[in-house]
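Numbering (UniProt numbering), first residue to last: 1 to 292.
We treat Cβ as the ideally placed atom computed from N, Cα and C, and that holds for glycine.
All values reported here derive from a predicted model rather than from experimental measurement.
Set out below in structure tokens:
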């Protein structure tokens, strides 16, 4: 059994705060969303997410060389090695040889599994309250991998995975995603990821729409209507019956399209921003950061 993946990234502005990777040969994918409130303190809000994903790739490579990838261990090892200031959500999935999908998730990124174009599973979102997700961070004031949701799901050929940061889930309901995927049959995974990200981006700009984000806001007693402008990362995986050889993994590759999106298939890639400027801030208090 094999998982063929493709991804697309729409940053909110510049290069955004999201990061993701696809390790095709190791059948492992991951996304992270840097928490935007750090920018108010002069910290590059993207750096933690990107360093976390780079360290995840290193852990995936090391584990595969010793017999197999455990996403829980990947996240833990990456977390321990990520030392920069900041915080991030994270979701990592691995497809095992016998068709078992292992995943670990912290925060409000997440994924869904479709079978026969019906919703089989959608991961729960971890939030302390509206727009305040669980988040891994550089100090003990933040969450750690022990807070993660950990689950195993049996998958079969023909199943479809959709993994994304909250920019997808805040702007498209699960049933909308399922219907859209069904309407876009025969698309390659990278094309479907691009299409989903494009729809989510369009809906994020709709000020009159009752989006998942506005619905959650109203449940929290906040008057809000419209989508949520945000970075949007989508990774799509097709579960295949055959062990089709995966493309070679290439580390550190960054592909930017003319429209500002990022379009990747079957590669190890971390989408990064330039190194952050030095800051004089030292953070020793227990921050309660929102996505902003």
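One or two residues paired with residue i in a DSSP bridge
{"i": "residue 293", "result": "Given a span of 1 to 292 for the chain in the structure shown, any question on residue 293 remains unanswerable."}
{"i": "residue 150", "result": "104"}
{"i": "residue 4", "result": "238"}
{"i": "residue 75", "result": "Partner(s): none; residue 75 has no beta bridge."}
{"i": "residue 18", "result": "33"}
{"i": "residue 112", "result": "122 and 162"}
{"i": "residue 127", "result": "133"}
{"i": "residue 23", "result": "28"}
Residue i to residue j span [Cα, whole Å]
{"i": "residue 152", "j": "residue 44", "result": "34 Å"}
{"i": "residue 174", "j": "residue 72", "result": "25 Å"}
{"i": "residue 124", "j": "residue 169", "result": "11 Å"}
{"i": "residue 28", "j": "residue 139", "result": "27 Å"}
{"i": "residue 121", "j": "residue 94", "result": "16 Å"}
{"i": "residue 200", "j": "residue 107", "result": "19 Å"}
{"i": "residue 118", "j": "residue 41", "result": "44 Å"}
{"i": "residue 136", "j": "residue 32", "result": "10 Å"}
{"i": "residue 189", "j": "residue 91", "result": "19 Å"}
{"i": "residue 19", "j": "residue 50", "result": "5 Å"}
{"i": "residue 266", "j": "residue 213", "result": "Residue placement at residue 266 cannot be trusted, given a pLDDT of 42 that sits under 50; the coordinates are not used to answer."}
{"i": "residue 184", "j": "residue 194", "result": "12 Å"}
{"i": "residue 83", "j": "residue 186", "result": "42 Å"}
{"i": "residue 221", "j": "residue 60", "result": "42 Å"}
{"i": "residue 68", "j": "residue 98", "result": "12 Å"}
{"i": "residue 216", "j": "residue 131", "result": "9 Å"}
{"i": "residue 296", "j": "residue 182", "result": "The displayed coordinates of the chain run from 1 to 292. Any statement about residue 296 would go beyond what the structure contains."}
{"i": "residue 66", "j": "residue 209", "result": "49 Å"}
{"i": "residue 231", "j": "residue 134", "result": "18 Å"}
{"i": "residue 63", "j": "residue 87", "result": "25 Å"}
{"i": "residue 75", "j": "residue 10", "result": "24 Å"}
{"i": "residue 96", "j": "residue 113", "result": "15 Å"}
Within-9 Å CB hit, residue i to chain B
{"i": "residue 228", "result": "The structure shown contains no chain B; it is built from a single protein chain."}
Buried/exposed call for residue i, threshold 16 Cβ in 10 Å
{"i": "residue 111", "result": "buried"}
{"i": "residue 157", "result": "exposed"}
{"i": "residue 146", "result": "exposed"}
{"i": "residue 141", "result": "exposed"}
{"i": "residue 165", "result": "buried"}
{"i": "residue 77", "result": "buried"}
{"i": "residue 54", "result": "buried"}
{"i": "residue 196", "result": "buried"}
{"i": "residue 21", "result": "buried"}
{"i": "residue 207", "result": "exposed"}
{"i": "residue 85", "result": "buried"}
{"i": "residue 8", "result": "buried"}
{"i": "residue 47", "result": "buried"}
{"i": "residue 15", "result": "buried"}
Integer Cβ distance of residue i from residue j, believed to fall under 8 Å
{"i": "residue 70", "j": "residue 105", "result": "Contact doesn't hold; Cβ gap of about 14 Å is too wide."}
{"i": "residue 236", "j": "residue 177", "result": "Between residue 177 and residue 236 the Cβ distance is about 10 Å, and since that is not below 8 Å, they are no contact."}
{"i": "residue 17", "j": "residue 36", "result": "6 Å"}
{"i": "residue 155", "j": "residue 234", "result": "That belief does not hold up - the Cβ atoms of residue 155 and residue 234 are roughly 19 Å apart, past 8 Å."}
Neighbourhood of residue i by C-beta, 6 Å cutoff - its chain only, sequence neighbours within 5 removed
{"i": "residue 211", "result": "171 and 227"}
{"i": "residue 81", "result": "55"}
{"i": "residue 167", "result": "230, 231 and 232"}
Contacts around residue i, its chain only, beta-carbon distance under 8 Å, and the 5 residues preceding and following it disregarded
{"i": "residue 229", "result": "12, 204 and 205"}
{"i": "residue 129", "result": "220"}
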